[in-house]
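Asks: Last residue of the sequence shown: 398 (this note's numbering), numbering continuous. If you scroll down you'll find the structure; I have some questions about it.
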Amino acid sequence: MASEEAIAQLAPQSFSPAPVSRYAELERSIRSRSRRKRLLILFILFAPVLATILYAFFIAKPMYTAEARFAVRGGMTSTASSSPPTSILSSGMSGGLIGGFVDGFAVHDFLSSRDAMHRLDAAINLRKYLTQPGLDPFERLPKDASDDQLFNAYTADVKVRFDMIEQIVVVDVQAFSAAGAVAISDGVLKITDQFVNNLNQRGVDEAVKTARMGLDQAERESLTAHTALAKWRNSTRNVDPTADTTMLITLIGQLESQLASAQANLAQIKAFHNPHHPQLEPAELLVASLKHSIDDARSRLGGAGPSEATHLATYDALKTTESFADSNVTLARQTYEQARLAALSQQRYLAIIAQPTIDETVTYPNVAILIAESLAASIALVFLGSIAFGLARGFMQF
């Protein structure tokens, strides 16, 4: 009897179902954690995809794209290469290839700058095409947007690429309407043409700057020479000493010829040996008068005081300076014109390869690409999260 009671007391201890219940509870806990983990993974995987779908269909505003293609070309054939040099910047370089790079990158940098944005805004009212009220946080630009906000929208919606192989500039414009995208593209072509023309003008100005300075200096020297000659003529009251000198030489020659005739006539009269000859005194007076006239003419032609020789020397010096200055002006004008024509022959021009056209195809948002990107991001997030969780659990167990 006592043994049966002992056995009865020992039986619940030896064959208790408690361990079985603990194992079942542990198994349920493991299953619950595994289920929550799977649900968390599924949530991480598909929540971004669902958010992307909601954004693409209900929040994002449709956008349209217009593309323009153009190149900057030059008009002068290079003797160093079969390719034409395309710019003043590239003159002196080896052919048009390097020049195309220079001009292409210059246009690319200009269109990526705030200056281009300001010019485009002034030309077509850029804010009107990029301002779109709504819930889209990625494409929303307020009407009172600051300059920085407008520039961020400009760089996001106006993409500029330079194809170094073909040496063309490609501009992709996004807007909230197809007509708006084309209007912005046309504005970009307009300000680019103005930019190229400004480069041309600056190139011409730089190329002819030295020649223009030389021409101005030559014209000033010519004016100074003409002024000095005019002042001398006014002070001496002698317009042309060369003509006066020629006249005096001619007069002296005539007087000497008359003197020779008068002296011959006087010798004939004296041959009569008659001191009271009626023609003797007049003949002597004529010879004396002619000698006096010749001496006076010779003193005017050249003497100790002011004379035609002195005037002629000063006049020749002033006239030579004037002629030399006039020759310099002529040469400087030719040099200036040659420099100007050379600069004009190297001018660039905008060659439009593809005009922007209206395309009603929506290019943004691209639902397939957005879903693929969000799914890839979710997978990467799950993978990185599992690695981080494993490392953390191992660290805690350690």
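Ideal placement from N, C-alpha and C gives every residue a C-beta, glycine not left out.
CA-CA distance, residue 182 and residue 146?
Replies: One alpha carbon belongs to residue 182, the other to residue 146, and they sit about 24 Å apart.
Asks: To which residues of the same chain is residue 120 closer than 6 Å at the C-beta, ignoring the five residues directly before and after it?
Replies: 126, 187 and 191
Asks: At least one CB of chain B closer than 9 Å to the CB of residue 48: is that the case?
Replies: Protein chain content of the structure displayed is limited to a single chain, and chain B is not contained in it.
Asks: Which residue's Cα is closest to the Cα of residue 144: 156, 228 and 130?
Replies: 130
Asks: Give a yes or no on whether the C-beta atoms belonging to residue 64 and residue 361 are separated by under 9 Å.
Replies: Going by C-beta atoms, residue 64 is nearer than 9 Å to residue 361.
Asks: According to DSSP, is residue 63 part of a helix, a strand, or is it coil?
Replies: strand
Asks: With H, G and I counted as helix, E and B as strand and the rest as coil, what does DSSP make of residue 333?
Replies: helix
Asks: Report the three-state DSSP secondary structure of residue 359 (helix, strand or coil).
Replies: coil
Asks: Give the range of the alpha helix (DSSP H) segment to which residue 124 is assigned.
Replies: For residue 124, the enclosing alpha helix (DSSP H) has its first and last residue at 114 to 124.
Asks: Which whole-angstrom value describes the C-beta separation of residue 184 and residue 158, a residue pair presumed to lie in contact below a C-beta threshold of 8 Å?
Replies: 7 Å
Asks: Of the choices 238, 242, 47 and 163, whose alpha-carbon is the least far from that of residue 108?
Replies: 163
Asks: Tell me the DSSP bridge mates of residue 174?
Replies: 65
Asks: Determine the direct distance from the alpha carbon of residue 116 to that of residue 168, and round the result to whole angstroms.
Replies: 18 Å
Asks: If you draw a straight line from the alpha carbon of residue 261 to that of residue 246, how long is it in whole angstroms?
Replies: 23 Å
Asks: If you reduce the DSSP assignment to three classes, tell me which class residue 165 lands in.
Replies: coil
Asks: Does residue 45 come out as helix, strand or coil in the three-state DSSP assignment?
Replies: helix
Asks: Roughly how many angstroms lie between the CA atoms of residue 25 and residue 32, to the nearest whole one?
Replies: Approximately 10 Å, taken between the alpha carbons.
Asks: Taking all protein chains shown into account, do 16 or more other C-beta atoms lie within 10 angstroms of the C-beta of residue 389, making it buried, or fewer, making it exposed?
Replies: exposed
Asks: As a quick exercise: from 156, 274 and 166, pick the residue whose alpha carbon is nearest that of residue 172.
Replies: That would be 156, whose Cα lies nearest to the Cα of residue 172.
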